[in-house]
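Asks: In numbering that gives the first Met the number 0, the protein residues as written are 0 to 482.
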Amino acid sequence: MKLFQLKLFFVFAVLLFYNTTAFSQENNTKSFDEYLNQYLLNKNVPSITTGLLEQGKITWIKSIGLSDIENNVPVSTSSLYRIASISKPITAVAILQLWERGLISLDTDVRSYIPNFPIKKYKFTIRQLLNHTSGIRNYKQGEFDSKKFYATIDDALKLFAYDSLMFEPGTRYGYTSLGYNLLAAVVEKVSKISFEEYIKNNIFLPAEMKSTIIDKQREIVLNRVRGYEKNAERKFVNAPLADLSIKIAGGGLLSTANDLLLFSKALLENKLLKQSTLDLMIRKSKLLNGKEIDYGLGFSLVFENDSLKHFSHNGAGTGFSSMLVIDPKQKKASVHLINIRDRNLDEPAKDILEMLSSGTVLKPTKTLSDELMKIYQLQGIDSTNQRFANIYLNEKIIYSLNEDEAIFFSDDLVELKKIPDAINYLKNVLKLYPKSFKVIEAIADSYLKDNNTGLALRYFKLAAQINSSNPRINSLIKKLSDK
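1) Let's see if you can read the secondary structure: which residues bound the alpha helix (DSSP H) around D369?
2) Using the three-state DSSP reduction, which class does F319 fall into: helix, strand or coil?
3) In three-state DSSP terms, what is E99?
4) In the DSSP assignment, find the unbroken beta strand (DSSP E) run with F302 in it and report its ends.
5) Compare the C-alpha of K229 against each of N338, L479, Q54, I103 and name the closest.
6) Run the CB neighbour count on L129, radius 10 Å, all protein chains shown included, and call it buried at 16 or more, exposed below.
7) What number of angstroms, rounded off, separates the C-alpha of L204 from the C-alpha of F148?
8) With 16 other CB atoms within 10 Å as the buried threshold, where does G101 fall?
9) For the segment 325-341 against the segment 47-57, are there 3 or more C-beta pairs whose distance is under 8 Å?
10) DSSP three-state call for T28: helix, strand or coil?
11) Give the DSSP-derived three-state secondary structure of L429 in the structure shown.
12) Leaving aside the five residues before and after F408 along the sequence, list all residues of the same chain whose C-beta is less than 6 Å from its C-beta, in chain order.
13) Which residues in the same chain as L461 place their Cβ atom closer than 7 Å to its Cβ, once the five residues preceding and following it in sequence are excluded?
14) What are the start and end residues of each continuous beta strand (DSSP E) run of 3 or more residues lying completely inside the segment 187-240, in chain order?
15) Considering only residues of the same chain and omitting the five flanking positions on each side of A91, which have a CB-CB separation below 7 Å?
16) Kindly list the residues whose CB is nearer than 8 Å to the CB of P168, restricted to its own chain and excluding five residues on each side of it in sequence; keep chain order.
17) Report back the beta-carbon spacing between S210 and D258 to the nearest angstrom; my notes put them in contact at under 8 Å.
18) Could you give the distance in angstroms between the alpha-carbon of P80 and the alpha-carbon of V186?
19) Let me confirm a value: I472 is counted as buried when at least 16 other C-beta atoms fall within 10 Å, else exposed. Which label applies?
20) Note down the Cα distance separating N427 from I85, rounded to an integer number of angstroms.
21) The alpha helix (DSSP H) spanning T48 covers which residue range?
22) May I have the straight-line CA-CA distance separating T452 from L429, to the nearest angstrom?
23) Please report how far the alpha carbon of S435 lies from the alpha carbon of D411, in whole angstroms.
24) Secondary structure at I337, three-state DSSP: helix, strand or coil?
25) Can you pull the DSSP bridge partners for Y80?
26) Alpha helix (DSSP H) containing T551: first to last residue?
27) Tell me which residues share the same chain as P88 and place their Cβ nearer than 7 Å to its Cβ, disregarding the 5 neighbours each side in the sequence.
28) Taking C-alpha atoms, which residue in N180, R342, N70 lies nearest to V224?
29) If you count every other CB in all the chains shown that lies within 10 Å of the CB of L221, and 16 or more means buried, which is it?
30) Here's the rule I'm using: 16 or more other beta-carbon atoms within 10 Å means buried, otherwise exposed. How should S480 be labelled?
31) Starting from the C-beta of V301, find all residues in its chain whose C-beta is less than 8 Å away, skip the five residues before and the five after it, and write them out in chain order.
32) Pairs of beta-carbons, one from the segment 344-351 and one from the segment 373-389, closer than 8 Å: are there three or more?
33) Using DSSP's beta-bridge definition, name the partner residues of A332.
34) Give the secondary structure of G178 by DSSP, where H, G and I count as helix, E and B as strand, and everything else as coil.
35) Label N401 either buried or exposed according to how many other C-beta atoms from any shown protein chain fall within 10 Å of its C-beta, with 16 as the threshold for buried.
36) With burial defined as no fewer than 16 other Cβ atoms inside 10 Å of the residue's Cβ, what is the status of L392: buried or exposed?
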């Protein structure tokens, strides 16, 4: 009888556990779905895809919105987004695999592997390329949205091959996507196969990433999502045409949320790198002066009480925004992919992980510029100023509010050639931020664009009282004073 009661108790406990777990998962899914629906509405983005990995399983993934606005094509979990700089951790894994096999050294002069690359004033290493301390420059004007096709990695290197280093390697952190082209070149020279073939065979296949590919602008790619921006009226417009062959290794891949979670899973389960190598990858980098930076070998690092909370990488490409976040202790990961590059998009991938761990329901904030532009176009600047004041008084929780967000709307007005209205609005902003260097500088710049050099000089001098060491302000004061 006792044995029967014990068995019955065990069965009951197991059923209770699974029912509780299922109920908890159902509640989480409902909360995540509600968050995503609210995000699409509040941020006014074309689409967003997000997903969650827990203990080796993808427990939630959802897509909402349009992948192509003009043709009313809904997004799906198989839609391919530009992942922008999330490409960097994938390239970093390729390099570290070669290091594990003893084929390269992280601290040897890069020219040992690509001797045709021109000699610089200083030598720089693979490690310094990985952690952005090499001194290789980032984009010049027009290169971010480059339309030029580069047939090979070597061709893309020629873009900056003869440029001087920006600083002595190891002395500073200087983020560069172009520098990752050199890492792709190392992969090709050492492995004797193309970078595309290497990452497919050694990363995508082992991780079961069946959708991730290089974004080839001229090819027909099924399920490729279109990218967007917002103009000064805060209306959707097509993102500029961009050929990503200029930066394949640093920002040129297409992927899905599912594939990026599988990449996270493969990392956490040591299918791509040994645990000791992953530990090296997510360790703080150190400059020559001993100062540590919160960037490892291909990942940004976030610490809490001197303990690594998560490692991640965000992406901001032509018409796209993205983020991948991995919690190594809890074996969890989250991702978001959005087909617009815009202000105030926040970090939904981090929000999803926070909601999962804390049980707190988070609500995405609205974008101030969208609301103010709507009022401005319907009712003019006076009503806009009233709405702005009311938001700051009564709706602080609903909007992302800070001086930068407030200034963004004035930038839109200036672009629309509504400079007097921009100045009017900024003076109301100044009442809320009376000692803000940024707001005063924005007023001065607006007066300058309106050819009112007297008032521009007055406000530049006010800005200098707050920050007397700003070289731009000091230069403009001298230039305007000499007139």
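Note that beta-carbon positions come from the ideal geometry of N, C-alpha and C, so glycine has one too.
Replies: The answer reads as follows:
1) Boundaries of the alpha helix (DSSP H) around D369: 367-378.
2) For F319, the three-state secondary structure derived from DSSP is strand.
3) The three-state reading of DSSP puts E99 in helix, counting H, G and I together.
4) Unbroken beta strand (DSSP E) run through F302: 299-303.
5) Selection N338, L479, Q54, I103 evaluated against K229 yields N338 as nearest (Cα-Cα).
6) L129 is buried by the Cβ-count criterion.
7) So the two alpha carbons sit approximately 27 Å from each other.
8) Classification for G101: exposed.
9) Segments in contact, yes.
10) DSSP places T28 in helix when its eight states are reduced to three.
11) Of the three classes helix, strand and coil, the one that applies to L429 here is helix, per DSSP.
12) S368, L371, listed in sequence order.
13) If the five residues before and after L461 are omitted, its C-beta is found closer than 7 Å to the C-beta atoms of I439, all from its own chain and listed in chain order.
14) The segment 187-240 contains these whole beta strand (DSSP E) runs: 227-229, 235-237.
15) Within the same chain, A91 has close Cβ partners L129, M280, L296, G297.
16) Leaving aside the five residues that flank P168 on each side, the residues in its chain whose CB is nearer than 8 Å to its CB run, in chain order, Y121, K122, F123, T124, Q127, T132, S133, G134.
17) Contact annotation, S210 with D258: C-beta distance approximately 5 Å; criterion of less than 8 Å satisfied.
18) Reading off the sequence shown, one finds Tyr at residue 80, where the question assumed Pro. Answer to the nearest angstrom: the Cα atoms are 25 Å apart.
19) So I472 counts as buried.
20) Taking the straight line from one Cα to the other gives about 40 Å.
21) Element bounds for T48: not the alpha helix (DSSP H) but the beta strand (DSSP E), 46-53.
22) Taking the straight line from one Cα to the other gives about 20 Å.
23) S435 and D411: Cα-Cα distance of roughly 20 Å.
24) The answer is strand: DSSP assigns I337 an E or B state.
25) Note: Y80 sits in a beta bridge opposite S254.
26) Because the chain is modelled from 0 through 482, residue 551 falls outside the range shown and cannot be assessed.
27) Within the same chain, P88 has close Cβ partners G297, F298, H312.
28) Checked all of N180, R342, N70; the closest Cα to V224 is N70.
29) Residue environment for L221: exposed (fewer than 16 other C-beta atoms within 10 angstroms of its C-beta).
30) Under a 10 Å Cβ-count criterion, S480 is classified as exposed, with fewer than 16 other Cβ atoms of the shown protein chains found around its own Cβ.
31) D293, L307, K308, H309, F310, S311.
32) Because the criterion of three Cβ pairs below 8 Å is not met, the segment 344-351 and the segment 373-389 do not touch.
33) Looking at the DSSP assignment, A332 forms a beta bridge with L52, I325.
34) Correct three-state label for G178: helix.
35) With fewer than 16 other beta carbons inside 10 angstroms of its own, N401 counts as exposed.
36) That one is exposed.
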